[in-house]
Amino acid sequence: MAEMRPPPKECLSEVTLREFQDLIRKMYMEKDEARGVDGTFMWLMEEIGELAGALRDGKPEEIAAEFADVLAWLTTIANVVGVDLSEAVLKKYGSGCPGCGRFVCTCDDAGKP
Ligand SMILES: [Zn+2]
């Protein structure tokens, strides 16, 4: 017999980056800490491979699901090493492009912004 899953008590309709990181922490932190950064990073790489495959020949909903998986595994690693993603993103991109400081990047195309 298949394992029974409890019905979801609530369903999110919107989520901020901070809320998502908290959600992933609640759902997986114990397992993620036990697995550690190295093992978790391998899962992220595997998911990135799956995203590449979906981008190449997946249906739109498959591509979207792979983006969600990659973001979840990236978020998991941030939890394991104690990085606040919302804070990190705001610090790096909250004042515009880290290269040119503008909200619409004007960096030279040859360089990484
Ligand atoms: Zn720029």
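Residue numbers (the working numbering): 35 to 147.
C-beta atoms are modelled at their ideal positions from N, C-alpha and C, and glycine is treated no differently.
- Going by DSSP, Gly-70 is part of the alpha helix (DSSP H) stretching over 51-91.
- Put simply, of Leu-89, Val-49, Asp-103 and Tyr-127 the residue whose alpha carbon is nearest the alpha carbon of Phe-75 is Asp-103.
- Contact between Leu-51 and Leu-108 does not hold, since their C-beta atoms are separated by about 11 Å, which reaches or exceeds 8 Å.
- Taking 8 Å as the cut-off, the beta carbon of Glu-84 is found no closer than this to the beta carbon of Glu-67.
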